[in-house]
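Asker: Let me begin by handing over the structure; questions about it come next.
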Amino acid sequence: MQFILTKPNLQNRSSFQETMLPESENRENLSNPSFIKSLSIGQNWKSKSMRIFPEEFVRSAGEAFVHRVVPSVLWNNSWQCWLRQDKDGLYMVEEDWDEFLDDNLLDTDDTLLFTHQDTMYFQVRIFKKDGNEITSVPLEGEPATHPFHQETTPAYASGEELTLFFLIVLSSEFSANGGTSSRARKGYAHVENPKRYLLNPRNPYFEKTLTKTNIVLYVNTWVIEEYDLEFSPPNTHMYFLLPDGEKLDGYTKDYGGSHSFLGWAAVCERCNLRTGDTVVCELELSGRVVSAVRVHLLDE
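Written out as structure tokens, the structure reads:
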């Protein structure tokens with residue numbers, strides 16, 4: 001059974017929770033199950049209740065995600081969140097959830113829209129109180145609605161209009177053959193003509209915007225699918241190729257099916273990258289197997 005959003009009331013924040021109804025009780029027919037989270041009185045984003053998945057949602061998903069989930073946002077960042085189960089339900093481990101919160105600088109009036117894309121993968125969209133959607137990495141110390149730093153959707157004043165906006169966005173973006181949106185497959189690119197940075201324009205690539213935590217480099221799912229990429233076994237040696245020609249050692253990792261490369265922290269330090277910086281990652285291949293990541297700085 002598929003679940004979709006009810007109509008929240010922004011004037012009554014306690015009603016704007018992880019609320020869902022069976023598809024038969026709503027006129028819309030959405031491709032992917034979704035739910036929303038926002039704070040009520042007495043809660044904060046680090047409350048345990050914010051880490052718990054809605055019970056009906058978990059039942060509908062079966063065993064699609066049992067051990068971990070991978071939430072991702074519009075600017076290509078994703079997080080690994082381990083799961084636990086107790087009498088309260090299925091919930092994300094505190095340390096992993098807190099990392100997601102800290103990286104995205106959530107305000108008390110923000111609303112999160114979770115959409116289940118595939119197996120353990122979730123898309124998370126962040127909306128401000130007035131309905132504006134955050135579509136680029138939040139920068140610490142700057143107003144979240146500052147027009148120069150944030151691209152936003154048009155504001156929607158009423159709760160009913162905001163929910164209608166949610167429903168229109170979901171129904172238009174998610175395809176019926178698996179639910180991955182066309183924007184998601186393009187990686188929500190915001191670098192103008194990123195291919196101009198590539199050494200070989202035929203190579204796979206993706207953009208990476210740095211958050212507070214940059215230990216491993218995750219390869220975007222859409223890139224893997226688009227180019228039918230393969231990866232060496234975990235802990236296989238690979239290289240990060242820097243703009244100055246230097247090579248840094250890296251190692252392949254596989255976190256529950258999410259392919260990534262360890263050694264990214266050294267790259268960020270060597271290139272003097274900071275939170276909010278964006279780079280283009282070009283994947284060097286041996287056949288279809290990723291053998292190296294060539295890092296391109298946007299001012300190079």
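Here the sequence shown is numbered in full-length UniProt numbering, starting from 1 and rising by one per residue.
Glycine included, every Cβ here is placed at the ideal spot set by N, Cα and C.
Go ahead and pull the three-state DSSP assignment for R196.
Answerer: To locate residue 196, count along the sequence shown from 1; it is residue 196. Of the three classes helix, strand and coil, the one that applies to R196 here is helix, per DSSP.
Asker: In its own chain, which residues sit with a C-beta less than 7 Å from the C-beta of I224, not counting the 5 before and 5 after it?
Answerer: As a working mapping, residue 224 is identified with position 224 in the sequence shown. The answer, listed in chain order, is H259.
Asker: Do I52 and D88 count as a contact pair if the criterion is CB distance below 8 Å?
Answerer: Locating residue 88 in the sequence shown gives position 88, where the first residue counts as 1. Locating residue 52 in the sequence shown gives position 52, where the first residue counts as 1. Contact flag set, yes.
Asker: Report buried or exposed for K247, applying the criterion of at least 16 other Cβ atoms within 10 angstroms of its Cβ.
Answerer: In the sequence shown, counting from the first residue as 1, residue 247 sits at position 247. So K247 counts as exposed.
Asker: Name the residue from M92, I41, V58 whose alpha carbon lies nearest to the alpha carbon of K48.
Answerer: Reading the sequence shown from its first residue, position 48 is the one you call residue 48. Nearest C-alpha to K48: M92.
Asker: When you compare each of E207, V191, Y121, K129 to V66 by their alpha carbons, which one comes out closest?
Answerer: Stepping through the sequence shown from its first residue, residue 66 is reached at position 66. The shortest C-alpha separation from V66 is found at Y121.
Asker: What's the call for S72, buried or exposed, on a 16-neighbour Cβ count within 10 Å?
Answerer: For the purposes of this step, residue 72 is taken as residue 72 along the sequence shown, with counting starting at 1. By the 10 Å Cβ count, S72 comes out buried.
Asker: In chain order, what residues of the same chain have a beta carbon less than 6 Å from the beta carbon of P204, not counting five sequence neighbours either side?
Answerer: Stepping through the sequence shown from its first residue, residue 204 is reached at position 204. So the qualifying residues of the chain are V223, Y227, L283.
Asker: Could you tell me how far apart the beta carbons of G263 and F240 are, in whole angstroms, since I believe they sit closer than 8 Å?
Answerer: Your numbering for residue 263 matches position 263 in the sequence shown. Your numbering for residue 240 matches position 240 in the sequence shown. That belief holds up - the Cβ atoms of G263 and F240 are roughly 6 Å apart, short of 8 Å.
Asker: Which partner residues of L210 appear in the DSSP bridge assignment?
Answerer: If you number the sequence shown from 1, residue 210 lands on position 210. None; L210 has no bridge partner.
Asker: Starting from residue 365, trace the alpha helix (DSSP H) in both directions and tell me its first and last residue.
Answerer: The chain is shown only over 1 to 300; residue 365 falls outside these bounds and no answer can be derived.
Asker: Near T115, what residues of its chain come up, given a Cβ to Cβ distance below 6 Å and the 5 sequence neighbours on each side ignored?
Answerer: Against the sequence shown, residue 115 aligns to sequence position 115. Counting only Cβ-Cβ distances below 6 Å, and skipping sequence neighbours, we find N32, S34, Q123.
Asker: State the CB to CB distance for the pair P234 and V295, rounded to an integer number of angstroms; the pair is presumed to be in contact (CB under 8 Å).
Answerer: Within the sequence shown, the letter at position 234 stands for residue 234. Within the sequence shown, the letter at position 295 stands for residue 295. Contact doesn't hold; Cβ gap of about 22 Å is too wide.
Asker: For D102, collect the residues of the same chain with a Cβ closer than 7 Å to its Cβ; drop the 5 residues on either side in sequence, then sort them by chain order.
Answerer: Locating residue 102 in the sequence shown gives position 102, where the first residue counts as 1. The residues are K212.
Asker: So who's on the other strand from C281, going by DSSP bridges?
Answerer: On the sequence shown, position 281 is the one that residue 281 refers to. Note: C281 sits in a beta bridge opposite F206, V295.
Asker: Tell me which same chain residues have a C-beta within less than 7 Å of the C-beta of residue 305, skipping the five on either side of it?
Answerer: The displayed coordinates of the chain run from 1 to 300. Any statement about residue 305 would go beyond what the structure contains.
Asker: Only counting the same chain, and skipping five residues up and downstream in sequence, which positions put a Cβ closer than 8 Å to that of R270?
Answerer: As a first step, residue 270 must be located in the sequence shown, where it is residue number 270. L242, E246, L248, listed in sequence order.
Asker: For F57 and K37, what's the separation of their Cα atoms in angstroms?
Answerer: Residue mapping note: residue 57 aligns to position 57 of the sequence shown, counting from 1. Residue mapping note: residue 37 aligns to position 37 of the sequence shown, counting from 1. Distance between the alpha carbons of F57 and K37 is about 13 Å.
Asker: For L39, which of R125, S136, D107 has the nearest alpha-carbon?
Answerer: The residue you call residue 39 lines up with position 39 of the sequence shown. When each option's Cα is compared against that of L39, the closest is D107.
Asker: Would you list the residues sitting across from T252 in a DSSP beta bridge?
Answerer: In the sequence shown, residue 252 corresponds to position 252, counting from 1. In DSSP, T252 forms a bridge with F261.
Asker: How would you label E55, buried or exposed, when you count the other beta carbons within 10 angstroms and need 16 or more for buried?
Answerer: In the sequence shown, counting from the first residue as 1, residue 55 sits at position 55. Flag for E55 reads exposed.
Asker: In this structure, how does DSSP classify C268 when only helix, strand and coil are distinguished?
Answerer: Along the sequence shown, one-based indexing puts residue 268 at 268. In this structure, C268 counts as helix in the three-state DSSP scheme.
Asker: Please return the same chain residues whose Cβ sits closer than 7 Å to the Cβ of P143, not counting the five positions on each side in sequence.
Answerer: As a first step, residue 143 is located in the sequence shown; it is residue number 143 there, counting from the start. Summary for P143: the model assigns pLDDT 36, below 50, so the residue's position carries little reliability, and this model does not support an answer.
Asker: By DSSP, does F65 sit in helix, in strand, or in coil?
Answerer: For the purposes of this step, residue 65 is taken as residue 65 along the sequence shown, with counting starting at 1. The answer is coil: DSSP assigns F65 none of H, G, I, E or B.
Asker: Could you say which of V290, V219, K46 lies nearest to K208 if we only look at CA atoms?
Answerer: As a first step, residue 208 must be located in the sequence shown, where it is residue number 208. Among V290, V219, K46, the Cα nearest to that of K208 is on V219.
Asker: Pull the bridge partners of P201 from the DSSP assignment, please.
Answerer: The residue you call residue 201 lines up with position 201 of the sequence shown. For P201, which the question treats as bridged, DSSP gives no partner whatsoever.
Asker: Helix or strand or just coil, what does DSSP make of V36?
Answerer: Indexing the sequence shown from 1 puts residue 36 at position 36. In the sequence as presented, Val is not what sits at residue 36; that position holds Ile. Three-state DSSP puts I36 in a strand.
Asker: Per DSSP, which one or two residues make a beta bridge with Y121?
Answerer: In the sequence shown, the residue the question calls residue 121 occupies position 121. Answer is V70, D118, bridged to Y121.
Asker: Where L285 and T236 are concerned, what is the direct C-alpha to C-alpha distance, given to the nearest angstrom?
Answerer: As a working note, residue 285 is residue 285 in the sequence shown. As a working note, residue 236 is residue 236 in the sequence shown. If I take the Cα positions, the gap works out to 14 Å.
Asker: So, using beta-carbon positions, are V293 and L217 closer together than 8 Å?
Answerer: The residue given as residue 293 occupies position 293 in the sequence shown. The residue given as residue 217 occupies position 217 in the sequence shown. Against a cut-off of 8 Å, the Cβ pair of L217 and V293 comes out as a contact.
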